[in-house]
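First to last, the sequence lines map onto chains E and Y.
Take the first sequence: its position 248, counted from the start at 1, is 393 in our numbering, and no numbers get skipped.
Take the second sequence: its position 394, counted from the start at 1, is 1127 in our numbering, and no numbers get skipped.
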Amino acid sequence: MELLLIPFVFALVAMIIPQKAVRGYALIGALVSVVAGVVHAVNYVPSAEYLSIVKACTTMEGGLPFFLNYGYDGIGLTMVLLTNVIVFLILLSNYDNQSIAASKKFVALVFFMQFALLGVFLSLDGLLFYIFWELSLIPVFLIFLWFGAKGKRRALMKFFIYTFIGSLAMLFSLIYIRSYAPSFSIEDLVAAQLTTVSALWVFGGFFIAFAVKIPLFPFHTWQPETYTKSPMAGTMLLGALMLKMALFGMIRWMIPLAPEALHCMTEIIVVLGGLGVIYAAILAIKQNDMKTVFAYASISHVGLIAAGIIVLSLDALTGAMVQIVNHSFVAVGLFLAADIIDRRLGHRNLLELGGIAQQAPKFAFWFAVIIFAGVSVPLTSGFIGEFLLIKGIYGYNWIYGVLIGTTLILACVYSFRAYQLSMFGPSKGFEFPDLTWAEWLSFFIVTIVVVFLGVYPQFLIDMVEPGLQKLIEIVNVK
Amino acid sequence: MSVEQLLPLVLLLPLIGGFINGVFGNKLPKVVVGSLATLLVAGSFFIALSIFFQLDKAVEVKLFSIISLPDLTLNAKLLADNLSIWMTLIITGIGSLIHLFSMGYMSHDPGYRKFFTYLNLFIFSMLILVLGSNYFMLFFGWEGVGICSYLLIGFHYADEQKGFLNGIAARKAFIMNRVGDLGLLIGLFLLLMQFGTLEYSEIAAIVTAEDFVNPTWMMFGITMCLFIGATGKSAQIPLFTWLPDAMAGPTPVSALIHAATMVTAGIFLTVRSNYLFELAPDTQKVMLYIGLATSLVAAFIAMRQNDIKKVLAYSTVSQLGLLFVALGLGAYTAAMFHVTTHAFFKALLFLGSGSVIHAMSDEQDIRKMGGLKKYIPVTHWTFLIGTLAITGFPLLSGFYSKDEILGYAFAENIPLYLILMFSVLLTAIYMFRMYFLVFHGEFRGSEHQKHHLHESPANMTVPLIILAILSVFGGVLNLPGLFLHDQAHYMTHLYEHNVAGMNLIHMEHLPSNTIMVLMGVAVVSCLAVLAISYQVYVKKKSLPKEDAQLTGWEKVSANKLYFDEIYNALFVKPIEWLSEKGYRFFEIVFLNGIVFGVAKGFETAGEVVKKWESGRVNWYVLWMVSGIVGLIIYYLVKF
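Okay, structure coming up:
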């Protein structure tokens, strides 16, 4: 329970602490959550059953039974740990960005966001899941509104309409499947017997919500604009954590609730995911705003994860979990790099950049490491993730496997273009101070995690495997 | 110590070197950085040597398991057999000489420490590639080599004039390699589907079992995928254009890439998978002809290149083509033999060219050199030995290894032999052209350059001398009857001893008088080219024409057969077009158009609906009644 309470309390207290202490307070608050997460992880024995942390039944007005039902399996715990570490990284990497990091509003919103995310990952009750899902929109919306760049209103509108329609569809699905089950608890919902048609309705509603959030091609058009106009912390929250809610939702809710729909939906999702992988990668090649390049790169990567999840082979699912973690860290690294350039020069236009490596060798080195992790070279977790994902998709249909595999090549094209245009060449005559300690530490942590999981992914695999096995079992039984 | 204990050490030493120099390099003096990197690689060499002498049967050492799922186990595991240790000896042996050379060559470079860090990591990646016991480890090293080459080719990225182009060359190398890597990756998936494992020993056991039924198409697919991977790393058509561009890196890097590491990876992969290729004769055919074509094309392009390093680069591509001909013929040992001798003389030539460039104050154009033999005698003599070795001059190492491949080609069919012989002839022509233009005649550079001409320091000439000795005597490694009795070939014996699959391959040896005749042809043609080149370039003092004056085949050769232009038009431009137009029209106009269209639609609908809310009761009643009537009609029709 403390997992949820810590960020909530820190979010409330943030409003009353003295201005000078805000930045330190933020880091300490995030660290406490990380420690709490680690304690849970250390004590956790991987199993397929949910480890319940709270289960209380209350009755809402009008007699509707309502469960406070939280718990996790290995998958959920991985997501909790991921959220806590990434939130810490987001606060740390923003440490030198005075206008944001020293703002009480910002710190409170980030903690509130963390609270909502943890709620999503810990809920074992459909309605709770939905509530936290919606709750997470508020802080992101406000961060965007208060700290966003010029031209944010249009992007904000688009983002809001998209996600809101998605969420509504999911709500309908939940209410619909509830009519087949005695309660909203996950066990009851999974046990519900659906006909193929009703399964399609349930599946479809979830799918719209998740397809928008991930985002899958062609539901992605809100994403590049939102990412670009959002402040860096917002982009990181969106890219590293919020979209993971949808991928997690696929594994935890969409597939086990309505596996009857899989036989007609698998192909569609694999194709959409695959199209997104290639389409976004190609579009990224000629973008000149560094952040837009990485935004499209993100679409490309998550398309692969979604396609991998839906083929439901153990390899691909494991790969998806590894890649979810990897993508979060790499996204933080990439957007941090783009923001470091933005902070120092006031723009991110690749055509006007160049020669930074000479002036800031430390930055050049760490940025290069993140770029390599982004194109999934061996010894980084991206390689393990993509290897397993592509293997799984290849096993599903080899043509899709080969086509999606071209991401290996395309990713190099846009990543190295962005890197070389900004870093290589002779100096262009602007000053570029090297990394501060907070920036350095952020890159360092990202690298350590990515390399550790790239060399010894078994640590993560052991944690998530029972849960994934159970998922496959549920689908097979139905 | 036993092999099991020594083997991880071979791998670990360069990694330690890279780590120490990478993290603490800035606090250490240059001499320490360079010596540390060099000594650790040399240390790996001597450990490998001691393994080589005590190795009897293949030894596997499991480090840890990377991925372990119910039906997928991928281990970090090392394998020592004569093939992997032989490769290790080449990599670390030549590698340490190149390190030593770099200590002199890079001494004025501000990126000295970074350079040695990368070199160590390069060696480390290559060692993972050859020492791993399965295709997964191979792939780790395979990509690792790609990254290190990217870093090293683009090493001078901040250069005022060429910095950005160096970066482009590095990127091209990495991306082209990735195309090959995708092929290899798919090959890995196919192997997993067919055999359920990626361990060499397990696959070999399945394939070589008595009752194994050859799934022809599957084997063709697997081997073709592996071969596509090999075309990337080993620079074969169609993926060879990165290798000449990779000359953008500092010269020792070129030597490392071309002689000891990287390009040999594809050869190693094929030899390692010999039992698979033996089951796919169609792939062998493809390999044969691709190799032949590459050999010819590269030799043709090399004829009219004027950059000393570019000539050597194309000669490497040409030699690699020759190697793939050998592999296509199933002559794996002959290929490994030539890889070995090629490593000696190509490292020698590249380091020699580095010494020339060093002396010439970074000039690489052979039109501006000439008469260098009296200024830099050690470089001159060693370079001459390298040139003679690569052209197949009698009794030098290249003579034996090349002749062995030519012999197998002759046994296959005569036209093949003739074409290959032609390519060998071209090699001799362009190599002697370069040699005479650089070292003989009048000096054609600027006064400034002439003033600075000097022989390189000892840490650069010593590696040259060692490599020259190896290039002279390297040919004895696979001579019949040497080291062994009964006319046995030393390397053949070595590989048959404990390398999976190799003992099942028996090559027909030509009758000895045919061999003599072939050798005679080779000797005569080499000497003839030498004599003619001497006449043309020394006696008549003919010089290369300026680019603008070139016509006919010379122009085509100088422009590299327009491969880059063709690729640009076929791949680069269309993708860029798609990226731009896709963004402008599909993404912005079409997809966004739909979204805003929907929004607009709701707005319009709102306007319409607003009118219904008119507040007039009679309209409401009309709507209500028509609704009821509609429902009644619906249910009447339905039931």
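Note that CB positions come from ideal geometry on N, CA and C, so glycine has one too.
Just checking residue 738 (chain Y) against the ligand ADP - is the residue's beta carbon closer than 7 angstroms to any of the ligand's heavy atoms?
Within the structure as shown, the ligand ADP is missing, as the structure has no ligands at all.
Under the three-state DSSP convention, the category residue 603 (chain E) falls into:
Stepping through the first sequence from its first residue, residue 603 (chain E) is reached at position 458. Helix.
For residue 737 (chain Y), which of helix, strand or coil comes out of DSSP?
Counting from 1 along the second sequence, the entry for residue 737 (chain Y) is found at position 4. It is helical.
Report yes or no: do three or more beta-carbon pairs, one from the region 467 to 487 of chain E and one from the region 593 to 609 of chain E, lie closer than 8 angstroms?
Verdict: yes, contact present.
If you check the beta carbons only, do residue 457 (chain E) and residue 620 (chain E) fall under 8 angstroms apart?
As a position in the first sequence, residue 457 (chain E) is number 312, starting the count at 1. As a position in the first sequence, residue 620 (chain E) is number 475, starting the count at 1. Yes.
Simplified DSSP assignment, three categories, for residue 808 (chain Y)
By 1-based counting over the second sequence, the position of residue 808 (chain Y) is 75. Three-state DSSP puts residue 808 (chain Y) in a strand.
Residues of chain Y with CB under 7 angstroms from residue 517 (chain E), in chain order?
Locating residue 517 (chain E) in the first sequence gives position 372, where the first residue counts as 1. Per Cβ cutoff of 7 angstroms: 880.
From residue 1059 (chain Y) to residue 1206 (chain Y), what does the alpha carbon distance come to, in whole angstroms?
Translated into positions along the second sequence, residue 1059 (chain Y) becomes position 326. Translated into positions along the second sequence, residue 1206 (chain Y) becomes position 473. Residue 1059 (chain Y) and residue 1206 (chain Y) have their C-alpha atoms roughly 22 angstroms apart.
Contiguous beta strand (DSSP E) assignments of at least 3 residues, all confined to the region 406 to 492 of chain E:
Listed in chain order, there is nothing to give.
What did DSSP end up calling residue 918 (chain Y) once you bin it into helix, strand or coil?
Counting from 1 along the second sequence, the entry for residue 918 (chain Y) is found at position 185. Correct three-state label for residue 918 (chain Y): helix.
Segment limits, beta strand (DSSP E) that includes residue 801 (chain Y)
Your numbering for residue 801 (chain Y) matches position 68 in the second sequence. Run containing residue 801 (chain Y): 792 to 802, per the beta strand (DSSP E) assignment.
C-beta contact flag for residue 1100 (chain Y) and residue 811 (chain Y) at 8 angstroms
Within the second sequence, residue 1100 (chain Y) is the residue found at index 367, counting from 1. Within the second sequence, residue 811 (chain Y) is the residue found at index 78, counting from 1. With a cutoff of 8 angstroms on beta-carbon distance, residue 1100 (chain Y) and residue 811 (chain Y) are scored as not near each other.
Across the region 1051 to 1069 of chain Y and the region 1024 to 1035 of chain Y, are there enough close Cβ pairs to call them in contact, namely three or more that are closer than 8 angstroms?
Contact holds: three or more Cβ-Cβ distances are below 8 angstroms.
Residue 1093 (chain Y) to residue 500 (chain E), Cα distance in whole Å?
The sequence position of residue 1093 (chain Y) within the second sequence is 360, counting from 1. The sequence position of residue 500 (chain E) within the first sequence is 355, counting from 1. Using only the alpha carbons, I get a separation of about 28 angstroms.
Measure the CB-CB distance between residue 1200 (chain Y) and residue 1111 (chain Y) and report whether it falls below 8 angstroms.
The count along the second sequence starts at 1 and reaches residue 1200 (chain Y) at position 467. The count along the second sequence starts at 1 and reaches residue 1111 (chain Y) at position 378. No, the Cβ-Cβ distance between residue 1200 (chain Y) and residue 1111 (chain Y) is not below 8 angstroms.
For residue 802 (chain Y), return the contacting residues in chain E, with the cut-off set at a CB-CB distance below 8 angstroms.
Your numbering for residue 802 (chain Y) matches position 69 in the second sequence. Listed along chain E are 459, 460, 463, 606 and 610, each with a C-beta nearer than 8 angstroms to that of residue 802 (chain Y).
What in chain E is Cβ-close to residue 912 (chain Y), meaning under 8 angstroms?
As a first step, residue 912 (chain Y) is located in the second sequence; it is residue number 179 there, counting from the start. Under the 8 angstroms cutoff, chain E gives 554.
What does the alpha-carbon distance come out to for the pair residue 427 (chain E) and residue 165 (chain E)?
Here residue 427 (chain E) refers to the residue found at position 282 of the first sequence. Here residue 165 (chain E) refers to the residue found at position 20 of the first sequence. The straight-line gap separating the alpha-carbon atoms of residue 427 (chain E) and residue 165 (chain E) is approximately 46 angstroms.
Whose Cβ in chain E lies nearer than 9 angstroms to the Cβ of residue 1285 (chain Y)?
Here residue 1285 (chain Y) corresponds to residue number 552 of the second sequence, with the count starting at 1. Under the 9 angstroms cutoff, chain E gives no residues; its nearest Cβ is about 36 angstroms from residue 1285 (chain Y).
Own chain residues within Cβ distance below 7 angstroms of residue 795 (chain Y), not counting five before or after:
As a working note, residue 795 (chain Y) is residue 62 in the second sequence. Within the same chain, Cβ atoms closer than 7 angstroms to the Cβ of residue 795 (chain Y) are found at 808 and 810, the five residues on either side in sequence being excluded.
Can the beta-carbon of residue 1136 (chain Y) be found less than 8 angstroms from the beta-carbon of residue 1045 (chain Y)?
The residue labelled residue 1136 (chain Y) in the question sits at position 403 within the second sequence. The residue labelled residue 1045 (chain Y) in the question sits at position 312 within the second sequence. Cβ atoms of residue 1136 (chain Y) and residue 1045 (chain Y): not closer than 8 angstroms.
Can you grab the Cα-Cα spacing for the pair residue 739 (chain Y) / residue 334 (chain E), in whole Å?
Taking the first residue of the second sequence as 1, we reach residue 739 (chain Y) at position 6. Taking the first residue of the first sequence as 1, we reach residue 334 (chain E) at position 189. Looking at the two C-alpha atoms, the distance is approximately 58 angstroms.
Buried versus exposed call for residue 494 (chain E) [16 or more other C-beta atoms within 10 Å across all chains shown]:
The residue you call residue 494 (chain E) lines up with position 349 of the first sequence. Classification for residue 494 (chain E): exposed.
Pull up the distance between the alpha-carbon of residue 618 (chain E) and that of residue 400 (chain E), whole angstroms please.
In the first sequence, residue 618 (chain E) corresponds to position 473, counting from 1. In the first sequence, residue 400 (chain E) corresponds to position 255, counting from 1. One Cα belongs to residue 618 (chain E), the other to residue 400 (chain E), and the distance between them is close to 11 angstroms.
Please return the same chain residues whose Cβ sits closer than 7 angstroms to the Cβ of residue 907 (chain Y), not counting the five positions on each side in sequence.
Along the second sequence, read from residue 1 onward, the residue named residue 907 (chain Y) stands at position 174. If we look at residue 907 (chain Y) and ignore the five residues flanking it on each side, its Cβ neighbours are 879 and 883.
Express the C-alpha separation of residue 566 (chain E) and residue 515 (chain E) in angstroms, rounding to a whole number.
Counting from one through the first sequence, the residue named residue 515 (chain E) turns up at place 370. Counting from one through the first sequence, the residue named residue 566 (chain E) turns up at place 421. Spanning the alpha carbons of residue 515 (chain E) and residue 566 (chain E) requires a straight line of approximately 16 angstroms.
Roughly how many whole angstroms lie between the Cα atoms of residue 208 (chain E) and residue 296 (chain E)?
Residue mapping note: residue 208 (chain E) aligns to position 63 of the first sequence, counting from 1. Residue mapping note: residue 296 (chain E) aligns to position 151 of the first sequence, counting from 1. Note that residue 208 (chain E) scores a pLDDT of 49, beneath 50, so its modelled location is shaky; the value from the coordinates is reported in the next line. Rounded to the nearest whole angstrom, the CA to CA distance from residue 208 (chain E) to residue 296 (chain E) is 47 angstroms.
What residues of chain E sit near residue 1076 (chain Y), judged by a beta carbon separation below 7 angstroms?
Within the second sequence, the letter at position 343 stands for residue 1076 (chain Y). Residues of chain E passing the Cβ test: none, with the nearest at roughly 25 angstroms.
Flag this pair as touching only if the region 186 to 193 of chain E and the region 263 to 273 of chain E have three or more C-beta atom pairs under 8 angstroms; answer yes or no.
Contact fails: fewer than three Cβ-Cβ distances are below 8 angstroms.
So for residue 1141 (chain Y), helix, strand or coil by DSSP?
The residue given as residue 1141 (chain Y) occupies position 408 in the second sequence. Three-state result, residue 1141 (chain Y): helix.
Leaving out the 5 sequence neighbours to the left and right, which residues in its chain are closer than 7 angstroms to residue 361 (chain E) when beta-carbon positions are compared?
For the purposes of this step, residue 361 (chain E) is taken as residue 216 along the first sequence, with counting starting at 1. The answer, listed in chain order, is 417, 418, 421, 448 and 451.
Would you identify the three-state DSSP class for residue 889 (chain Y), choosing helix, strand or coil?
Along the second sequence, read from residue 1 onward, the residue named residue 889 (chain Y) stands at position 156. Here residue 889 (chain Y) carries a coil assignment [DSSP, helix/strand/coil].
Helix, strand or coil for residue 621 (chain E), going by three-state DSSP, please let me know.
Here the question's residue 621 (chain E) lines up with position 476 in the first sequence. In the three-state reduction of the DSSP assignment, residue 621 (chain E) falls in the helix class, which pools H, G and I.
With the cut-off set at 8 angstroms, would you say residue 913 (chain Y) and residue 955 (chain Y) are in Cβ contact?
For the purposes of this step, residue 913 (chain Y) is taken as the residue at position 180 of the second sequence. For the purposes of this step, residue 955 (chain Y) is taken as the residue at position 222 of the second sequence. Result no, Cβ atoms of residue 913 (chain Y) and residue 955 (chain Y) do not sit closer than 8 angstroms.
Where residue 213 (chain E) sits in the DSSP three-state scheme
Taking the first residue of the first sequence as 1, we reach residue 213 (chain E) at position 68. If DSSP states are grouped into helix, strand and coil, residue 213 (chain E) belongs with the strands.
Determine, for residue 981 (chain Y), whether the minimum Cβ-Cβ distance to residues of chain E falls below 8 angstroms.
Against the second sequence, residue 981 (chain Y) aligns to sequence position 248. The C-beta of residue 981 (chain Y) comes no closer than 8 angstroms to any C-beta of chain E.
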